[in-house]
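So the structure is just underneath, and the comments pick up after that.
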Amino acid sequence: MKSNLQRLDFESEADFKEMMIACWEAFENPFNSYLRIVYYLKDDSPQERERSIQIATESAIRHHAQKSPNSHWMKIIEPMHGKLIGAANWIYFEGNSDTVNNANPVVALWWPEGIGREYANNFMRQIEAHKYYLHCNRPYLLLNIAFTIPGFRRKGAMKLVMDWGIERADELGVDTYVEASETGRLLYEKYGFMTYYKVVVNTSIEDPSSSWKDLEEKLSPEPQYFMWRPIKGKFEVGKTWLPWGTESFVPLVCETPN
Numbered sequence: 001m002k003s004n005l006q007r008l009d010f011e012s013e014a015d016f017k018e019m020m021i022a023c024w025e026a027f028e029n030p031f032n033s034y035l036r037i038v039y040y041l042k043d044d045s046p047q048e049r050e051r052s053i054q055i056a057t058e059s060a061i062r063h064h065a066q067k068s069p070n071s072h073w074m075k076i077i078e079p080m081h082g083k084l085i086g087a088a089n090w091i092y093f094e095g096n097s098d099t100v101n102n103a104n105p106v107v108a109l110w111w112p113e114g115i116g117r118e119y120a121n122n123f124m125r126q127i128e129a130h131k132y133y134l135h136c137n138r139p140y141l142l143l144n145i146a147f148t149i150p151g152f153r154r155k156g157a158m159k160l161v162m163d164w165g166i167e168r169a170d171e172l173g174v175d176t177y178v179e180a181s182e183t184g185r186l187l188y189e190k191y192g193f194m195t196y197y198k199v200v201v202n203t204s205i206e207d208p209s210s211s212w213k214d215l216e217e218k219l220s221p222e223p224q225y226f227m228w229r230p231i232k233g234k235f236e237v238g239k240t241w242l243p244w245g246t247e248s249f250v251p252l253v254c255e256t257p258n
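Residue 55 in UniProt numbering sits at position 55 of the sequence shown; the count goes up by one each step and never skips.
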């Protein structure tokens, strides 16, 4: 059945607030700790959730402005009610200094100083360590984030997102990257993305405090899949190399959950 969903570009800062509210809904159903690590949430009270959403909204607006005009936000709406049911951000990196990784380790300044910040630092640094494409000094397209809220999944929202991104990547003639959850990986594979690294963040430390153990329980990291789509999706076994590779690329084979 043909989807009646529509893809629209962001038009104002109000779109970012609506997007972030939906983003939290998507990442909490089912629960994925990622958003609570990269955006601090003191507790589950309505006041703190609103505060966190507002801070995250302002951060997204700043990041979009910094990457303009190469940052492209899109929203997926259900036209009958005009409801935002999904969104995505594609970013084009032109190369040169734009793609060179900062050598300084990530510091999760959005967390208050203490155990929580250390936990977030540990998570972020293990993730950042595998963004090898940052060192390649060549242009690429990145799917920075994409999500659909419960109730509208598997109804064509992400097809609208991916069709736009793949067409854009092929027009530009560039590699494409995404960091994916388990569910996302299965979708992106259909569009020619291949996993080059699976990150299972190690939260084990020597003599962990009770606060650290509590964070391990409440914010246990989900596996992250680092994925690459070659230029125009062209891949030949034994002949295609990763942009930073020293030998032909063999995609990581991941088990599909039951």
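Just so you know, even glycine gets a beta-carbon here, dropped at the ideal spot from N, CA and C.
Look at Ile145 here: in three-state DSSP terms it is strand. Restricting attention to alpha helix (DSSP H) runs no shorter than 4 residues, the region 185 to 219 encloses them at 210 to 218, ordered along the chain. When only Cα atoms are considered, Cys136 and Pro243 end up about 7 Å apart.
The Cβ atoms of Tyr177 and Tyr225 lie no closer than 8 Å to each other.
Distances from the CA of Asn122 to each of Leu215, Glu189, Pro251 were compared; the closest alpha carbon is that of Leu215. Inclusion of Val107 and Glu128 in the CB contact set at 8 Å is not warranted, their separation being larger than that value.
Looking at the backbone, the Cα of Thr195 and that of Ile85 are separated by about 27 Å.
Around Ala22, the same chain offers Leu84, Ile85, Gly86, Ala87, Phe147, Ile149 as residues with beta carbons nearer than 8 Å, after the five sequence neighbours per side are excluded. When the Cα atoms are used, Asp15 and Lys75 turn out to be separated by approximately 8 Å. With respect to the 8 Å criterion, Ile91 and Ser71 are classified as neighbours on the basis of their beta carbons. Here His72 carries a strand assignment [DSSP, helix/strand/coil]. In the three-state scheme derived from DSSP, where H, G and I count as helix and E and B as strand, Ala65 is classed as helix. In the assembly as shown, Asn144 is a buried residue. Its beta-carbon has 16 or more other beta-carbons within 10 Å.
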